[in-house]
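Visitor:
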Amino acid sequence: MSVVQATPSAAVRVATREDVEAATTVLTRAYLNDPALNWFGCVKNQDAANDIDSPVPGVQQTIKNLRNFQRCLVTVAMLVGGVVTLAVVPSQGDGKGEKIVGVSVWLQPGQTFDVPLGKLLKAGAWSVLKGWGVRGLKHIFLDFTPSVEKALLKAFKARNMNRLDSWHLLAIVVDPDWQGKAQPMGVSSLLMRDSFSRAKPKPIHLEASSTKSRDIYAHFGFEINNEHIFGKGRIDCRGLPAKGAEATGISEWVMTKWET
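So the sequence shown is numbered by our numbering: it starts at 8 and just counts up by one.
1. Sort 30, 123, 220 by Cα distance to residue 76 and report the nearest one.
2. Residue 176 to residue 89, Cα distance in whole Å?
3. To the nearest angstrom, how far is it from the Cα of residue 199 to the Cα of residue 171?
4. Buried or exposed for residue 128, please, with buried defined as at least 16 other CB atoms from any protein chain shown within 10 angstroms of its CB.
5. How long is the line joining the alpha carbons of residue 205 and residue 252, rounded to whole angstroms?
6. For the stretch 78-94 against the stretch 151-162, are there 3 or more C-beta pairs whose distance is under 8 Å?
7. Exposed or buried, which one is residue 141 when buried takes at least 16 other CB atoms within 10 Å?
8. Nearest by alpha-carbon distance to residue 207: which of 262, 116, 45 is it?
9. Do you know whose CA, among 214, 23, 213, 19, lies nearest residue 109's CA?
10. So the beta strand (DSSP E) residue 262 belongs to, where does it begin and stop?
11. So what's residue 154 in DSSP terms, helix, strand or just coil?
12. Bridge partners of residue 174, per DSSP?
13. Relative to the alpha-carbon of residue 234, which residue among 174, 154, 227 has its alpha-carbon at the smallest distance?
14. Could you have a look at residue 206 and say whether DSSP puts it in helix, strand or coil?
15. In whole angstroms, give me the CA-to-CA distance for residue 98 and residue 150.
16. Rounded to whole angstroms, how far is the Cβ of residue 118 from the Cβ of residue 81, which I believe are closer than 8 Å?
17. Quick one: is the Cβ of residue 162 within less than 7 Å of any heavy atom of the ligand ZN?
18. Short of 8 Å in beta carbon distance, which residues of its chain neighbour residue 241, apart from the five on each side in sequence? Order them along the chain.
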């Protein structure tokens, strides 16, 4: 195993196909009640997942659908040549194994998810469609993605730069049990610093789906290009169905780090 960067308690390495399931588990735990993913998945209020171990059938289905999406994301990223990195710590006990405590998923400059249908299906896209339905995919590909792309094109054009000549941070998460640990450098900092070294000198862009993540990214030097509100009049700030004053919609911030 080739270690890229380490602290006394954690290290970063590049994921392989054998790591897909373990990475999927961490991503699922971290995004369990993410507003954007609730909206993508058309999650109902009674099926909202707040507990990964919930015995409620509807909640279990929500978690299964989210897991299928995260597995597909990681698999397709690998198929197109993207970079998936893992923050790992030694396993308890004999210390010979490791535990994945953080995951980041990146597309390199020029890469997109434009892959043949057969490969998409093999990567698990059919399971995502069955779980989230046509309406869920509409939220992703007709509502969300065009708005984000428009904001990025405008921001890059203003700097006379090519949007495709940049890195796309699709996801960066820390397992909930490890948030704030792995001192002296936190797990998210470890993953970010490793990725900045890979991306340099190219810009990096991402989408933040909460004020907490927005502020964390700002701490790492990302600037807000635009803020979008999705689902106003239909969903609340959690991405769940709502009416009236509670149907505020969800905010999503398009952000770019111009210098790495």
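Here a beta-carbon is modelled for each residue, glycine too, at the ideal position from N, C-alpha and C. Since this is a predicted model, take the numbers as computed values, not measurements.
Guide: Taking the structure as given:
1. The residue labelled residue 76 in the question sits at position 69 within the sequence shown. Out of 30, 123, 220, 30 has the C-alpha closest to the C-alpha of residue 76.
2. By 1-based counting over the sequence shown, the position of residue 176 is 169. By 1-based counting over the sequence shown, the position of residue 89 is 82. If you take the alpha carbons of residue 176 and residue 89, they lie about 10 Å apart.
3. Along the sequence shown, one-based indexing puts residue 199 at 192. Along the sequence shown, one-based indexing puts residue 171 at 164. Distance from the CA atom of residue 199 to the CA atom of residue 171, rounded to whole angstroms, is 20 Å.
4. By one-based count along the sequence shown, residue 128 stands at place 121. With fewer than 16 Cβ atoms within 10 Å of its Cβ, residue 128 is classed as exposed.
5. Sequence index remark: in the sequence shown, residue 205 carries index 198 (1-based). Sequence index remark: in the sequence shown, residue 252 carries index 245 (1-based). Looking at the backbone, the Cα of residue 205 and that of residue 252 are separated by about 45 Å.
6. The answer is no - the stretch 151-162 does not touch the stretch 78-94, with fewer than three Cβ pairs under 8 Å.
7. Stepping through the sequence shown from its first residue, residue 141 is reached at position 134. Residue 141 comes out exposed.
8. As a working mapping, residue 207 is identified with position 200 in the sequence shown. When 262, 116, 45 are compared, the shortest CA-CA separation from residue 207 is found for 116.
9. Taking the first residue of the sequence shown as 1, we reach residue 109 at position 102. Nearest C-alpha to residue 109: 19.
10. Against the sequence shown, residue 262 aligns to sequence position 255. If you look at residue 262, you'll find it in the beta strand (DSSP E) that goes 257-264.
11. Within the sequence shown, numbered from 1, the residue matching residue 154 stands at position 147. In this structure, DSSP gives residue 154 a helical state, which the three-state scheme calls helix.
12. The count along the sequence shown starts at 1 and reaches residue 174 at position 167. For residue 174, the pairing in a beta bridge is given by DSSP as 211.
13. Position 227 of the sequence shown, counted from the start, is the residue given in the question as residue 234. For residue 234, the closest of 174, 154, 227 by C-alpha to C-alpha distance is 154.
14. Within the sequence shown, residue 206 is the residue found at index 199, counting from 1. Residue 206 falls in the helix class under three-state DSSP.
15. Taking the first residue of the sequence shown as position 1, residue 98 is located at position 91. Taking the first residue of the sequence shown as position 1, residue 150 is located at position 143. Looking at the two C-alpha atoms, the distance is approximately 42 Å.
16. Mapped onto the sequence shown, residue 118 falls at position 111. Mapped onto the sequence shown, residue 81 falls at position 74. Taking 8 Å as the upper bound for CB-CB distance, residue 118 and residue 81 are not in contact here, some 14 Å apart.
17. Inclusion of the ligand ZN in the displayed structure is not the case, the ligand content being empty and no account of it being possible.
18. For the purposes of this step, residue 241 is taken as residue 234 along the sequence shown, with counting starting at 1. Only 248, 249, 254, 256 meet the Cβ criterion.
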